[in-house]
Every structure is written in C-alpha cells, then in structure tokens.
C-alpha cells in the first residue's frame, strides 16, 4: 500500500501526525534564538600586542615582524596583514574559508609563546581576537547626570558593569569615557637631580615596598601560625613615606622629592551623549546566545540599577539591537503573511470554492511549523536571512498542492469516486511534482557548498527553503488527498470566473496552435532576441556587493592633522555635532561622540588625540521618510569644509558583510617615501571620478617626532646603556605604572610615576634632563644623545610582509563596478609604477568579484543538478534540454525587473537568479510530463503539446501567481532590513513572471519541433 493509499484510507492517523507536528513545531519555535543576522564567523584572527611609548617604525621592527614570522607557518592561511602604529601592533591573519579557527587559534598561541622572550621589554603579551558578529555590542548604554566624571567612572567600574556582567548570556561590558582614578607621583626634576636619583629607581622602589609576603609557618604549643609580612600601601601617606634614598645619613622619603595625590588618567576618552559629558557602556553577548533574551535580561537589570543610583544619575539606552531584530523580523513575518493571503486569494479566484482554497492553504502553516522542528535540529536560529528563506517559500509551498488538488478534481469531474479520484489524481502527478520540488531544492545545494561570505549568509536561507519545500511536498501527497477525499461533491466553477477562465484557455490554445504551425518563425527570433537582451541588460545594469542595509545608524570619523591636541579636537567636534543635528533635525534620535577611544574597534584601529568618532542614531526606519544613504550624503556635504579628514559610513551588523570600502586601492611597495608620493597622485586621480565620495589615503600625515639617538660609546663610558637612558626618558615623560593600591571597593588603582607637569611641557625639558650613572654622578642627556626634529609615519601597513598603503573612497549615485572600472583605466593611463611596486583592488569590490565567481559556480552546478534530476525523471536527454529553455527567459526577467526597479546586480539579487533556475523550470516539467502522457496514448506530438498546454494552463497559472504574489511584499522590501532580501525576491519574481509567459508558448513548441526531428519512445506509465 502506497503512502497515498494509506493517507486516504487512514485519515485519523494522518490527523494525529498533523497534531504531533504542530505541537513539536510550537515547542521548537519557543526554543529558537532570535538574531538580526546569522552568527557569521569571519575566518580571521587578530593578534594585538601593546608596546607603550614606541613609534610605528619601532613597533614594526621589534614586534610586528616577530609576530608575522611566528604565525606565518600556521596551516590554512590565505594572507597576513599587519598595522604598526604608535604603541601597538595588530597582525591580522586571514584564513581560507572553512578553516577551523579554534584549532588555528591554538596553533597561533603556541607559536606566540615561543617568541615571548624575544619581544622587547615593555611589550605586552599578544592577545588573540576572533572576528564574528558577536563582537558587535548588542546594547549601548550611557551614564550621565554628574559633572564629576571620576565619580561616574568609579560608579560604573565598581558597581554597574559588574552587575550587568552577571546577567546570563552577557560576555563582557566595556567602558569608554569618564575619568579613571589614579595615584599621581609627580616628581620634581630639580630635587631628582639634587639627590642623584633615577626616576626609574623610584618606580622600582615603590613596587618592592608594596608587598604582602607569606613567610611560612611557626608553631607555639598546639597552634600553627601563618607568617605574613604586610607592606601593601593603604593610603597616600604610606606611599609618601617610602624611603627612596639617603643623604648624609638622613633618609629621603618620596614625599620629599614628589607630590603624591589622587588624580585621573589624562588619556581617558572624551565622551558626549546628546551633547552632555558622560561615559558609554558597550554590552557584548556570548556567542550563540539569544540576543533578544539577553537584551531583555539586561534591561531588567538596568531598571533595578536605575532605582538604586543617586538622584539625577541614570543609565540611558542608546542602542538596542534586540529592537532592531524585533522590527526586522516583524517586517519579514508581515511580508510572509501578506504573501500567503495574496496566494490564497489567487486560489479562491481560480477554484471559486472556499473549502478547496482552505485545503491548499493548510500547506503553508503546516510546512512552516514543520520547518521550525528541523531548524532546531540543524541549529539554525531565527534571523532576517532564515526567515526570508521561509517567507520566500510561502508562495511555493502551495505549488505541489495546487497541482495535486486540480488533478484530483479533474478525475472527480470525469466520474471517479472521491477515494479513487484522490488516489488516482495524486499518483498521476506525483512524479512531476516530486521532480519539480527536487529541482527547486537542488539549486540551494551549491549555495551551501560554495565558499566565502555568500555561503555564510545564505546557508540559513537555503536550509529553511529546502526544509519547507520538502515538507510541502510530503503534505501535498498525504494531507491534500486525505482532505479532498472527505469532500463528497465537487462544485463546478460557474459564473463570471468560469467564463473568464474558459476564455483565457481558448485564447491561449489558439496562440499555442498558431505557434506549433509556425515553429521556426516563433523560435528563431525569440531565442535570438533573448540572447541580445541578456547581453544588453547584463552590460547596463550596475553591479555591487551586498546592498547597504538601513539599520538606522551611521558613523562619522573625523581625523584632524596629526599632533592636534585633544582640547582642539573636542572644541571643533562640538560644532560638528551641531551641524549634524541641524542636517538631520527631528529624525535624529541620539548622537554619541568619542574622542580618543570607544569600544574594541577603537583599540584595533588606533585611537588618538586628533581623532573623533561620532555615532549618529536615527529614528526607526518606519518613523522617518528619508533613507540613511540620503542623510549620509547630506552630512558629507555639510561637513566637507572642515580642516579634517571626514569619513561617513554605515555602521551596524551589516558592516561585517564587507571587508572594506567600495573603492579600496592597495599600493604595495617597501619605500615609504615613494608610496606617499604615488598615493597622493592616485588620490588626485580618483577624486575627479564621478560618483566618488570621501577619497582619502588611509594613513595620517607624518607624526611629529623628536628623535633621540644614543651614542653608545659615550653611554658605556658613563656606565649607562640604551635601556637605562630610554627608560628614564619614558618614565619621566610618559609615566610608568609602578604598582597599585586597593580602593575601598577592592579594585586596583594604578600608581603612576613621572615628572611634574611643569617639568615635562616642552622639548627644552627633555634636553635639560640628566641621568644618574651607577657611580652616582649626574650625566646630562645632551652629552649622551643627539636630538633631531622629524616626521615619522603614524602607522605602517604590511600585507604578506610587504608594506602597502590603502587609498579608499565611498561611492554614491553610481554602481560600484562602473566607478572602479573608470578608476582602473585612469590609474593605468596616468600612473607609472616603479620596480617593486604593484596595485591591487580590495574592499567590497573584491568581495563582490569573489562572491560573483562563487555564485557563477553555484549557477552552473544548479543547472547541472536540475538537468540531471529531470533527465532521471523523464529517462531522456531531450525533454530536460527543452525545459531548460526557461532559464535564459528567467534570467532575462530577473535583469529586466532589476533594471526597471533601479536596483543593481548585487550578491543578493545574483543569489536570487541562482534560486530562480530551480523555480522557472517547474512549469515546463508539468507541461512536458503531460505531453508525454498524451503522446504515449497515441496522440500526435503537435496535438499532445496543444492539449497539454490547455489542460495544464490553470495549474501553471495558479502556481505562478501564488508564488509571484507571495513574493511581492518581500520584493517591496518595506521595514528595516528589507534592502537585504528585496533584491533576492525581485530577481525570482521577475524571472518567474517573464519565463512563465514564454514557457507556455516556447517550451511546447520547441519540444514538438525537436521530437519530430529526434523521435523518442514514450511509455504510458
């Protein structure tokens, strides 16, 4: 007994199975986590090493090269990039897609452990970072309400951040802004020299005196006592009373040579929140945790904290990604529900029977609920991509059911009983609907197995569409025949609808008969025209990477001339804040400003006194009429006259889908001076290209340096070495953390030793410094070193051990591929590259090229798989070849709709074209399958083609219209995140619409023509 017979004869069993699926689906849905994007793991590890006080050249020489050489032997590396900047080294190891990052991270840690002893004194232990969407904070809070920024910092550091970190699912909380409390030991230079002291020795003495040491055990009677010497500092007096030297037998205490006082870190970030000073908390979730659930827990914790905070001091939510997720996913759900309603209306129009429409409509919720069960099993969370896949399938979920129900009704109207008609009608089309479903599913397999960001993004979509369509296939051959067998009387379609549909059938039959009589006249011009139009649209439609998603926020990066003091940066940035507020007006929700820092990316990219970052947060997309790209352009125009480099770009989860700016030119060559010259020439060229915005060289102007070159011979004669001289300078001017003191709350507070501010203001203070020798003599620094004012690089970039400079730009108003092509030609014509120099193009343009290669491969594999499935079904090489004629028509339709909508051929729309391959051939399968059935009964091939066209027109039109109308709400792309999935839906919608129009005429005509020339044996079964 087949599954169809069983379903019809055992309705209670089928009903119980449905109930079980519904219960399991609801339970599974409650356990699925919610996120905006899938958890994308970029195959990149960053090794960050601090080297406080060192310039970029020294960092490159002493740290970066060591790390590069150490990690270079790790397996599966694609390329290595590094950035050496003042005080830190960042080595970015980019692996091939599919590499095991956990294993690679362990290998890198093992290699780094081998070079720890080779790193210079003062360099920190290398830290490894893994890039993923979990690096983006899920929430940002501001803390303000007091002008005492030190108090706010202490409050946040000792209470607020610790309580938030205790929330389940929170990985960490980082702070930016406020003022970190320190103990400042400001040493008098004249007293230092008078007593012959080395400032480094003061720091060392403080470290040695600030100790509690366990001394073993002593016994008395039956008791065992722990011996512990206590020397840890408790107060500033303890620090001041430390003896640092003696003079004529008189002990000299620290307070005799220095001022000891509470202070704040002068390098703390400056943070403003809507113009008010404060600090920012960045909250990060653990990887794999439910963003919405974690955010809800955090909000509850913050509500409790706000009740316990002092008056006027409040935590204010500045960003909540869970709200973005709710809005975006709600938009996708709405599009899916609207699409489902439109599909059911189409069914009702054709069937004119509420019961029949309801029977087919059951396929949609049942397929979706069944999908939730397998999503949980495959660990696919609910995100904008997986839900887009689910909603993409809404219109297609009823295709198989439509064909089954329509064929059952056909047999019932011919006089069959309700049970016999249900079984016979289903069996007659089961091979066709199975093949059409498998061909649709087959196109998703290549997308899963390709490499790169495409596979990472579209894996969830592929799985959800595949699961939902396979579920709908099972439902169509079990639930649908079971339900239709319960209907005793089939009502004929009567009235206006029936007459209209009969008229459409008649008109179509006449056109098809005419085409069958004039095959050459129809086929040759049609195919020639399609090829010409494909070439034309392929050339004129612009291309880009991922479409930019309006997440309601963008970033304004401001870089003033190198050496600009933070006070000036702060002053000008306040005016920039006013200008941004003026441009955006009522659509501005919040504005955050960071100078000298702000989150993990500030650490990786390098914060400085002359840099500011402004995060502009708009009202939700459904509460404003102006898009984010328009506001970005307006802000650019408003700020273009400031004496600073200003870069405005989108910030958010979607930033992870690109590895750089749209235009990113990588100029490789080790000669820094020549690199600067060539980079400026290239910058001047690309600035004149239409559509280019904010062209800049991704490096700051030369860093003003006061180079101090030690005469090693003279230093040795004085009993000194490079370390003792440079250590005295570094401690005196930059300061040194000697040790720590405990606060009342038990946190460690740094004790910083350096010269008094008035003794370290000018270059003269450096030159007048003296260094004590081991013999107790003061040696003037001028007698040991040479001084030179110069300019050094602010950062040095390397790629695969070769220095390079990036010239980058944004694009507005033109497709990226056209702009880059014009840039490439201009550079090729006007720039001469000396030996040892080369140019490559990276950023999102390179991402686009790589992704299109992968999608092109997926397209070819999809065609091969689809052809193989059809060849197996028809046991013929001819039938699938003819059915594949629908693909070029579908591709033409996709490009036509993209062109008419003003969209581009981007990664999302290109993926839609790949998916379209498996959908557009379904109509051809249904037609050719029925042609073969009729031809096997002795009907001529021309007549069989005409009859099959007329007979299958209604199911073909129903399946096409349900899919097309189901896609329209998605193609419109309303709501937050709609920009990402709208091109996908638009490609499929256009391809299916145009291919269906031509398939109904061209496929039967071409099949008839080929069959007459290449006869094949057709079996009636």
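Numbering (the working numbering), first residue to last: 50 to 1070.
All C-beta atoms, glycine included, are put in the ideal place defined by N, C-alpha and C.
*Compute the Euclidean distance between the alpha carbons of residue 649 and residue 202, then round it to the nearest angstrom.*
In this prediction, residue 649 has a pLDDT of 49, which is less than 50 and means its spatial position is unreliable; what the coordinates show is noted afterwards. Going from the Cα of residue 649 to the Cα of residue 202 covers about 18 angstroms.
*In three-state DSSP terms, what is residue 770?*
coil
*My understanding is that residue 933 touches residue 916, with C-beta atoms under 8 angstroms, so please give their C-beta distance in whole angstroms.*
6 angstroms
*Could you give the distance in angstroms between the alpha-carbon of residue 108 and the alpha-carbon of residue 782?*
19 angstroms
_Assess contact between the segment 985-997 and the segment 617-627, defined as three or more Cβ pairs (one per stretch) separated by less than 8 angstroms. Is contact present?_
no
*Taking all protein chains shown into account, decide if residue 645 is buried (16 or more other Cβ within 10 angstroms of its Cβ) or exposed.*
buried
*C-alpha gap between residue 801 and residue 731, whole angstroms*: 46 angstroms
_Here's the rule: buried if 16 or more other CB atoms are within 10 angstroms of the residue's CB, otherwise exposed. What is residue 100?_
buried
*Hey, residue 935 and residue 1048 are a contact pair by Cβ (cut 8 angstroms); roughly how many whole angstroms apart?*
5 angstroms
*In the structure shown, what three-state DSSP assignment does residue 131 receive?*
strand
_Range covered by the alpha helix (DSSP H) that runs through residue 240_ = 238-243
*asked:* Does the contact criterion of 3 or more C-beta pairs under 8 angstroms hold for the segment 505-513 versus the segment 427-441?
replied: yes
*Using the C-alpha atoms, what's the distance from residue 311 back to residue 861?*
51 angstroms
*Buried or exposed: which applies to residue 599, given that a residue is buried once 16 or more other Cβ atoms fall within 10 Å of its Cβ?*
buried
*asked:* Am I right that residue 368 and residue 188 are in contact with their C-beta atoms under 8 angstroms? What's the rounded C-beta distance?
replied: 6 angstroms
*From 919, 467 and 838, residue whose alpha carbon lies closest to that of residue 54*: 467
*Sort out for me which residues DSSP pairs residue 226 with in a bridge.*
328
*With C-beta atoms as the reference, is residue 918 less than 7 angstroms away from residue 488?*
yes
*Can you list, in chain order, the stretches of the alpha helix (DSSP H) that have 4 or more residues and sit fully within the segment 984-1053?*
990-1021
*May I ask you to report which of helix, strand or coil DSSP gives residue 89?*
coil
*asked:* Can you find the residues in the same chain that come closer than 7 angstroms, C-beta to C-beta, to residue 259, ignoring five residues on each side of it along the sequence?
replied: 280, 281, 282 and 788
*Measure the alpha-carbon distance for residue 603 versus residue 94 and round it to whole angstroms.*
26 angstroms
*To which residues of the same chain is residue 889 closer than 6 angstroms at the C-beta, ignoring the five residues directly before and after it?*
715
*Would a C-beta distance cut-off of 7 angstroms place residue 129 and residue 142 closer than the cut-off?*
yes
*According to the Cβ coordinates, are residue 454 and residue 413 closer than 7 angstroms?*
no
*In three-state DSSP terms, what is residue 858?*
strand
*What is the C-beta distance between residue 822 and residue 891, in whole angstroms, given that I count them as a contact (C-beta under 8 angstroms)?*
Wrong, their Cβ atoms sit about 53 angstroms apart, outside the cutoff.
*Can you give, in chain order, each stretch of the beta strand (DSSP E) that sits fully within the segment 795-852 and has at least 3 residues?*
797-804, 819-821, 827-829, 834-841 and 844-848
*Hey, how far is the Cα of residue 111 from the Cα of residue 265?*
42 angstroms
*Whole-Å CB distance - residue 684 paired with residue 857, under 8 angstroms assumed*: Rounded, the Cβ-Cβ distance is 18 angstroms, inconsistent with contact.
*Proximity below 7 angstroms, CB of residue 105 to CB of residue 845*: yes
*Taking the alpha carbon of residue 939 as the point to measure from, which residue in 690, 150, 1045 and 137 has its own alpha carbon closest?*
1045
*Along the chain, which unbroken stretches of the alpha helix (DSSP H) at least 4 residues long are found entirely within the segment 716-788?*
721-735, 761-766 and 771-782
*Give a yes or no on contact between the segment 553-563 and the segment 826-839, applying the rule of three or more CB pairs nearer than 8 angstroms.*
no
*Compare the C-alpha of residue 741 against each of 866, 640, 946 and 772 and name the closest.*
866
*By the 10 Å Cβ neighbour count, where 16 or more other Cβ atoms means buried, how is residue 346 classified, buried or exposed?*
buried
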